[in-house]
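Below: the structure, in structure tokens.
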Ligand SMILES: Nc1nc2c(ncn2[C@@H]2O[C@H](COP(=O)(O)OP(=O)(O)OP(=O)(O)O)[C@@H](O)[C@H]2O)c(=O)[nH]1
Ligand SMILES: [Mg+2]
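Residue numbers (this note's numbering): -15 to 380.
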């Protein structure tokens, strides 16, 4: 039956993306870079990136027939055993591409689901990921059978008939119902836990994946939260109580966002994202050194809107300023010009965020005191608004 534990460790992969009306060449290059980072996080090596300019994706094979042949030829010459497409493929596209190339074919959602599956630690995260996986598989069962066949289960067999697929479909549907129920129970428990946290103001880190949320969480709460240079290091929400100048509040680290996050994953992570939805203040962390950081900010704001957290008080933290300077400034620039460029950047964002932003480097501990003060101010302001008569709850 269905095997959810794919393993892309040590696979050699070709990445495939389209350039079209709504996606420029520059964007496609960036997206494929990100896809390569995802592949690396899953343990696969990127051997080549292939792009094709097409007005529409090909209904049968996503890219054109000629391109598929080209890919197959290159793959044979270079021992490639995995094709990763940047956009979601249908079951029949997977089937057609695998038939034409003889190589296992997956898409970005597959890869993200695999990474999430491996990183899930708590019961809640595990159930959430498994649910998303089954929901993803359901419409693609026919394509998935191919994988299983090639894995050796049924060498020489005819492949699945309608009855086998129908049976599988029923099993998957039952599994989805069961997982939904289990998730419902876990959700009720965590809701009770959250209610018990009572009157504290709640602050949650949000942001694109790998921007430095956990690193900042560690610094601001002096806790040990797993941080590393891989995508989705954090899947579960960690919440700490912190006290600044006698003002207590709750600080949460959360799962990072990414563009084209599989729809089902957002659905099943809704409860993890409750921490974000129920927060009083959001700290939006940005990796300023990333060439596409403005796009990433857009993805985050859009996702926040989708989960109903779009209009919360927000502090934007422009992190990795050390790396930003390293990438932007060359040795020929005078200090004066550098200072001017930095001022321009800061003024632009201060204007856009109505002054609610701080520029820091978590690694070099730059501006961390300012960040702490700014968070404290926002927290105290929230306490004042919520409990106008309780003046001893916070320092005025
Ligand atoms: N150069 C530089 N690197 C940083 C800075 N802050 C964090 N990093 C690095 O960026 C990487 C990602 O940091 P994390 O704190 O794990 O990022 P995250 O946002 O929690 O990532 P996910 O949990 O995967 O969403 C790590 O390798 C950090 O060491 C910084 O200010 N400058
Ligand atoms: Mg993290």
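We treat Cβ as the ideally placed atom computed from N, Cα and C, and that holds for glycine.
This structure is a prediction, so every number in the text was calculated from the model and none was measured.
Which listed residue (the options) has its alpha carbon closest to that of residue i
| i | options | result |
| --- | --- | --- |
| residue 189 | 161, 285, 108 | 285 |
| residue 185 | 220, -10, 303, 359 | 359 |
| residue 241 | 269, 165, 9, 222 | 269 |
| residue 44 | 38, 226, 76 | 76 |
| residue 171 | 215, 296, 252 | 252 |
| residue 362 | 259, 292, 232 | 232 |
| residue 112 | 313, 257, 82 | 257 |
| residue 259 | 72, 224, 102, 275 | 224 |
| residue 40 | 3, 167, 24, 192 | 3 |
| residue 239 | 226, 229, 217, 248 | 217 |
| residue 266 | 23, 342, 159, 298 | 298 |
| residue 214 | 156, 146, 18, -3 | 18 |
| residue 237 | 244, 226, 243, 73 | 226 |
| residue 55 | 1, 105, 6 | 1 |
| residue 174 | 145, 210, -8, 106 | 106 |
| residue 279 | 191, 335, 50 | 191 |
| residue 14 | 60, 162, 33, 82 | 33 |
| residue 261 | 291, 244, 273 | 291 |
| residue 311 | 273, 20, 37 | 273 |
| residue 264 | 366, 308, 52 | 366 |
| residue 371 | 183, 356, 309 | 183 |
| residue 42 | 148, 193, 78 | 78 |
Sequence-distant residues of its chain with Cβ nearer than 6 Å to residue i (five each side left out)
| i | result |
| --- | --- |
| residue 350 | 344 |
| residue 134 | Reliability of the predicted coordinates at residue 134 is poor, the pLDDT of 45 falling under 50, and the value obtained from them is presented with this limitation in mind. If we look at residue 134 and ignore the five residues flanking it on each side, it has no Cβ neighbours. |
| residue 322 | 313 |
| residue 109 | 219, 220 |
| residue 137 | Legend: pLDDT at residue 137 = 41, less than 50; position of this residue unreliable, no value from coordinates given. |
| residue 294 | 288 |
| residue 132 | With a pLDDT of 49 at residue 132, under the threshold of 50, the modelled position of that residue is not reliable, and the figure given next carries that caveat. Once the five neighbours on either side are set aside, residue 132 has no close Cβ partner at all. |
| residue 67 | -2, 87, 89 |
| residue 12 | 1, 3, 35 |
Cβ neighbour criterion (16 or more within 10 Å) applied to residue i
| i | result |
| --- | --- |
| residue 177 | exposed |
| residue -6 | exposed |
| residue 282 | exposed |
| residue 317 | exposed |
| residue 158 | exposed |
| residue 139 | Unreliable placement is indicated for residue 139, whose pLDDT of 38 sits below 50; no coordinate value is reported for it. |
| residue 234 | buried |
| residue 328 | exposed |
| residue 354 | exposed |
| residue 8 | exposed |
| residue 88 | buried |
| residue 80 | buried |
| residue 151 | exposed |
Where residue i sits in the DSSP three-state scheme
| i | result |
| --- | --- |
| residue 213 | coil |
| residue 180 | helix |
| residue 223 | strand |
| residue 287 | helix |
| residue 205 | helix |
| residue 10 | helix |
| residue 45 | coil |
| residue 123 | helix |
| residue 167 | helix |
| residue 38 | coil |
| residue -15 | A caution first: residue -15 carries a pLDDT of 44, below 50, which makes its placement in the model too unreliable to give a value. |
| residue -3 | strand |
| residue 314 | coil |
| residue 279 | helix |
| residue 138 | The predicted position of residue 138 is uncertain, since its pLDDT is 39 and thus under 50; a value taken from the coordinates is nonetheless stated next. Reduced to three states, the DSSP call for residue 138 is coil. |
| residue 350 | strand |
| residue 186 | strand |
Residues sharing a beta bridge with residue i, DSSP
| i | result |
| --- | --- |
| residue 298 | 266 |
| residue 191 | 269 |
| residue 31 | Bridge partners of residue 31: none, in fact. |
| residue 228 | 231 |
| residue 88 | 66 |
| residue 303 | 271 |
| residue 4 | 7 |
| residue 237 | 222 |
| residue 342 | 301 |
7 Å Cβ shell around residue i - same chain, five flanking residues per side excluded
| i | result |
| --- | --- |
| residue 246 | 93, 96, 97, 116, 120 |
| residue 337 | 300 |
| residue 348 | 306 |
| residue 248 | 116, 119, 120 |
| residue 31 | -4, -3, -2, 62, 64 |
| residue 164 | 115 |
| residue -10 | 98 |
Sequence-distant residues of the same chain with beta carbon closer than 8 Å to residue i, five excluded per side
| i | result |
| --- | --- |
| residue 438 | Shown here, the chain extends from -15 to 380; a query on residue 438 therefore has no answer. |
| residue 167 | 108, 111, 112, 115, 252, 255 |
| residue 85 | 52, 55, 56, 59, 67 |
Residue i beta carbon near ligand 3 (any heavy atom closer than 6 Å)
| i | result |
| --- | --- |
| residue 109 | Within the structure as shown, ligand 3 is missing, the only ligands being ligand 1 and ligand 2. |
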